[in-house]
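Position one of the sequence shown corresponds to residue 0 (numbering that gives the first Met the number 0), numbered consecutively onward. Glycine included, each C-beta is placed from N, C-alpha and C at the ideal position.
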Amino acid sequence: MTMASRNTRILRLGRLHLAAGFGVLVIAAGLWPPAPHAQHSAIVYQVDPAWPRPLPAPRDGDGQTHQWITGDVAASCVDSRDHIIVVNRGFQRGGVAFTDGTQSMASPPVLEFDPAGNLVNSWGDATLGPTGAAAVLPNSVHGCFVDDEDNIWIGGNGDGIVQKWAHDGKRLLLQIGEKGVCDGVDPAPEAPAGKAWFGRPNRFYPTCAEPGLNQSRTRLNGVADVYVDSTPDPVTGERGSVYLADGYGNNRVVVFDQTGKYLRQWGSAGTGPGQFSVFGGGHPHCVNVSRDGLVYACDRENARIHVTDRVGSLKQTFAIDPPDQKSATWRATDVPVRHGSGER
0 MTMASRNTRI LRLGRLHLAA GFGVLVIAAG LWPPAPHAQH SAIVYQVDPA
50 WPRPLPAPRD GDGQTHQWIT GDVAASCVDS RDHIIVVNRG FQRGGVAFTD
100 GTQSMASPPV LEFDPAGNLV NSWGDATLGP TGAAAVLPNS VHGCFVDDED
150 NIWIGGNGDG IVQKWAHDGK RLLLQIGEKG VCDGVDPAPE APAGKAWFGR
200 PNRFYPTCAE PGLNQSRTRL NGVADVYVDS TPDPVTGERG SVYLADGYGN
250 NRVVVFDQTG KYLRQWGSAG TGPGQFSVFG GGHPHCVNVS RDGLVYACDR
300 ENARIHVTDR VGSLKQTFAI DPPDQKSATW RATDVPVRHG SGER
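Here is the structure:
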């Protein structure tokens, strides 16, 4: 199975409680029911209340059981065996809500399920630094991708890094960016006198905030999504180019080679062609590459999808909501690309 075909089944989960008695509802944010005339061609998703199976409930030294729960689920991705990799924020400070109960405990950051929903592996260093930020993994994990060698890529929108891990989580193979040092200003600017301000401060790392500089070749700001292209790069001819939606603080799609060397970028803040919204974070919020070499990037607050070629030339922009008829904001959150016969 190729990377492209298996990633058609990537799941994007907003929040998931993996405890006994809870089913799982999977929603592709932004993919809402089409108009009535298009219903015949729509993909229909059904809830499997038995998936996944209940997570472990280990006992402590006093014999008390503590049910694993995930808290906020930040991303999921699919490996070559159709195993679902789920990345969660439960280990982070504030990652588990008080309503989850006092007897539960945060699961490891990365969980691997087989197709039947059985937990087959769990990993991830849950150590927190003195300020409460993740000490090893990306802070505020955000985005997950499995490449052709079954390595797992994890982004984070809180400290300016993307990491590539061996599938079993035992080895960190590559990190793009410097943890806690972002493509931003220090300190982040304050509100201009008499004007509203939509900046997003970062209490852990001052340079990792909104707005960013949107220009560094070695630093990121807040990564929302990751895609690794298995086809030859249109400029270098090498495989494995890494496309990042650097959309928290910055407003760009940025591309690196498989060693972490900067290749190119496109996008800026605004509402014009090829620009991403400056407000609210996560613009772009997703990045995906289709079989025909088109790059899809989510402009969430502007409720639209940008379609470019792999060097950033804008080919098309399409709105998620009809003009002046937005019934919800932030629908352009993710774009799954179907890779099949005759499909993009």
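Query                                                                                                                                                                                   : Result
Just the C-alpha distance for Leu262 and Glu209, rounded to the nearest angstrom, thanks.                                                                                               : 24 Å
Which of the three DSSP states is assigned to Ala73 in this structure?                                                                                                                  : strand
Under the three-state reduction of DSSP, which class applies to Val161: helix, strand or coil?                                                                                          : strand
Alpha carbon to alpha carbon, how far is Asp146 from Asp61?                                                                                                                             : 42 Å
Under the three-state reduction of DSSP, which class applies to Tyr44: helix, strand or coil?                                                                                           : coil
Can you give the beta carbon distance from Asp232 to Thr206, rounded, assuming they're within the 8 Å contact cut?                                                                      : Between Thr206 and Asp232 the Cβ distance is about 29 Å, and since that is not below 8 Å, they are no contact.
Going by C-alpha distance, which of Arg290, Gly311 and Ile42 is nearest Leu243?                                                                                                         : Gly311
DSSP puts Gly154 in a beta bridge; with which residues?                                                                                                                                 : Val161
Count the other CB atoms, across all protein chains shown, that sit within 10 Å of the CB of Gly22; report buried if there are 16 or more and exposed otherwise.                        : For Gly22, the predicted model reports a pLDDT of 30, less than 50, meaning its position is unreliable and no value from the coordinates is stated.
Helix, strand or coil: which one does DSSP assign to Lys260?                                                                                                                            : coil
DSSP three-state call for Val85: helix, strand or coil?                                                                                                                                 : strand
Looking only at its chain, what residues have a beta carbon closer than 6 Å to the beta carbon of Trp67, apart from the 5 residues adjacent to it on each side?                         : Leu54, Pro55 and Ser106
Beta strand (DSSP E) containing Ser121: first to last residue?                                                                                                                          : Leu118 to Trp122
Quick check on the burial criterion: 16 or more other C-beta atoms within 10 angstroms. Buried or exposed for Tyr357?                                                                   : In the structure as shown, the chain starts at 0 and stops at 343, and residue 357 therefore has no counterpart that could be examined.
Compare the beta carbon distance of Thr69 and Val85 with 8 Å and say whether it is the shorter of the two.                                                                              : yes
Please work out which residues of its chain come closer than 7 Å, Cβ to Cβ, to Gly128, disregarding the five sequence neighbours upstream and downstream, and give them in chain order. : Ala134
Grouping DSSP H, G and I as helix and E and B as strand, with all else coil, what is Ile319?                                                                                            : coil
Since Thr307 sits in a beta bridge, which residues does DSSP pair it with?                                                                                                              : Val294 and Leu313
Indicate whether His305 and Ala223 have their beta-carbon atoms separated by less than 8 Å.                                                                                             : no
With 16 as the cutoff for other CB atoms within 10 Å, does Asn117 come out buried or exposed?                                                                                           : exposed
Here's a check: name, in chain order, each residue in its chain whose Cβ is nearer than 7 Å to the Cβ of Gly281, leaving out the five neighbours to either side.                        : Ala223, Gly246, Tyr247 and Arg299
For Arg309, count neighbouring C-beta atoms within 10 Å of its own C-beta (all shown protein chains included) and say buried if the count is 16 or more, exposed if not.                : buried
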